[in-house]
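In our numbering, the protein residues as written are 2 to 158.
Structure first, commentary second.
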Ligand SMILES: [Zn+2]
């Protein structure tokens with residue numbers, strides 16, 4: 002797996018969103034580029050990369066259990082796609098927080114995830130953001146695999 006690149010600034014943005022909505026989950030779309038779609042390898046023959054260039058925060062619409070269930074509605078997907086397209090980007094994944102839980106996907110997450118996308122999860126313990134991880138669902142939708150995440154210095158371009 003190629004891994005997910007994100008700037009330090011955007012990684013901070015996800016943590017901040019998780020702290021803001023605590024004790025409820027935050028969620029949002031990851032807008033960016035995935036070079037594997039176009040060519041599989043870049044000009045130097047390095048493995049394809051996936052990069053997050055913008056965050057698109059969403060409102061957690063679930064009233065019944067906003068603490069441990071986030072839901073992305075078709076409307077959210079449409080809005081996020083529009084925002085991505087307007088900036089010449091695409092949706093490369095989704096992020097959400099796990100208040101007082103580890104940064105690992107739940108059963109619920111697996112049932113509601115789609116293959117291909119990166120799923121970034123930030124653990125927020127007692128209101129303080131902790132570990133952040135990224136996951137990809139297998140094509141058979143049976144299980145998530147951890148996706149290496151590279152947090153880079155400097156602002157996104
Ligand atoms: Zn979750």
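By construction, the Cβ of each residue, glycine as well, lies at the ideal position given by its N, Cα and C atoms.
Which one of the options has the shortest CA to CA distance from residue i?
i: residue 128; options: 31, 102, 79; result: 102
i: residue 54; options: 8, 24, 29; result: 8
i: residue 166; options: 52, 32, 60, 34; result: No information on residue 166 is available, as it lies outside the stretch 2 to 158 that the chain covers here.
i: residue 56; options: 91, 146, 137; result: 91
i: residue 153; options: 29, 51, 76, 131; result: 51
i: residue 118; options: 30, 107, 86, 131; result: 30
i: residue 143; options: 126, 106, 16, 149; result: 106
i: residue 84; options: 32, 21, 24; result: 32
Please classify residue i as buried or exposed, where buried requires at least 16 other C-beta atoms within 10 Å of its C-beta.
i: residue 41; result: The predicted model places residue 41 with a pLDDT of 49, which falls under 50 and marks its position as unreliable; any figure quoted below should be read in that light. Its Cβ having fewer than 16 others within 10 Å, residue 41 is exposed.
i: residue 133; result: buried
i: residue 43; result: Summary for residue 43: the model assigns pLDDT 49, below 50, so the residue's position carries little reliability, and this model does not support an answer.
i: residue 35; result: buried
i: residue 147; result: exposed
i: residue 139; result: exposed
i: residue 86; result: exposed
i: residue 76; result: exposed
Could you give the first and the last residue of the continuous alpha helix (DSSP H) run that contains residue i?
i: residue 103; result: No alpha helix (DSSP H) holds residue 103; DSSP gives it neither H nor E.
i: residue 60; result: First-last for residue 60: undefined, no H or E at that position.
i: residue 75; result: 75 to 87
i: residue 109; result: 108 to 112
Could you give the C-beta distance for residue i and residue j, rounded to a whole number, given that I count them as a contact under 8 Å?
i: residue 5; j: residue 135; result: 5 Å
i: residue 96; j: residue 73; result: Contact flag wrong, Cβ pair sits at about 11 Å.
i: residue 19; j: residue 98; result: 3 Å
i: residue 100; j: residue 24; result: 5 Å
Considering just the uninterrupted stretch of the beta strand (DSSP E) at residue i, what are its terminal residues?
i: residue 147; result: 145 to 148
i: residue 33; result: 28 to 35
i: residue 5; result: 5 to 8
i: residue 72; result: From DSSP, residue 72 is part of no beta strand (DSSP E); its letter is neither H nor E.
i: residue 90; result: Note, residue 90: premise wrong, no beta strand (DSSP E); not H, not E.
Contact criterion: CB-CB distance below 7 Å. Does residue i meet it with respect to chain C?
i: residue 96; result: The chain labelled as chain C is not found in the depicted structure, where only one protein chain is given.
The stretch 107 to 116 / the stretch 9 to 23 touching (three or more Cβ pairs under 8 Å): no
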